[in-house]
């Protein structure tokens, strides 16, 4: 299985994700929309609570790069779903 490279997110992106959860959106909904893992968002929420939410450092991440990253994660998820469906179809055939 291929390892997904570690992503770098800006402080603004992290703050936006944390704010959406603070405003009442479900964590599961936010992670699906932003292409994050559940645990990553939970870590950001904990860090924001103690004032230690930091960005990607000196590396600047453009909105296009963030979108590309989100889309790659979505493609990987859809490929896994297709594999499951193919196996289920073969089982029931």
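Numbering (this note's numbering), first residue to last: 77 to 169.
Note that the Cβ used here is the ideal one computed from N, Cα and C, for glycine as well.
Whether residue i touches residue j by CB criterion (7 Å)
{"i": "residue 84", "j": "residue 110", "result": "no"}
{"i": "residue 107", "j": "residue 96", "result": "no"}
Residue i versus residue j - alpha carbon distance
{"i": "residue 118", "j": "residue 137", "result": "21 Å"}
{"i": "residue 98", "j": "residue 159", "result": "35 Å"}
{"i": "residue 90", "j": "residue 161", "result": "33 Å"}
{"i": "residue 113", "j": "residue 165", "result": "28 Å"}
{"i": "residue 115", "j": "residue 147", "result": "19 Å"}
{"i": "residue 126", "j": "residue 140", "result": "30 Å"}
{"i": "residue 157", "j": "residue 123", "result": "32 Å"}
{"i": "residue 163", "j": "residue 169", "result": "10 Å"}
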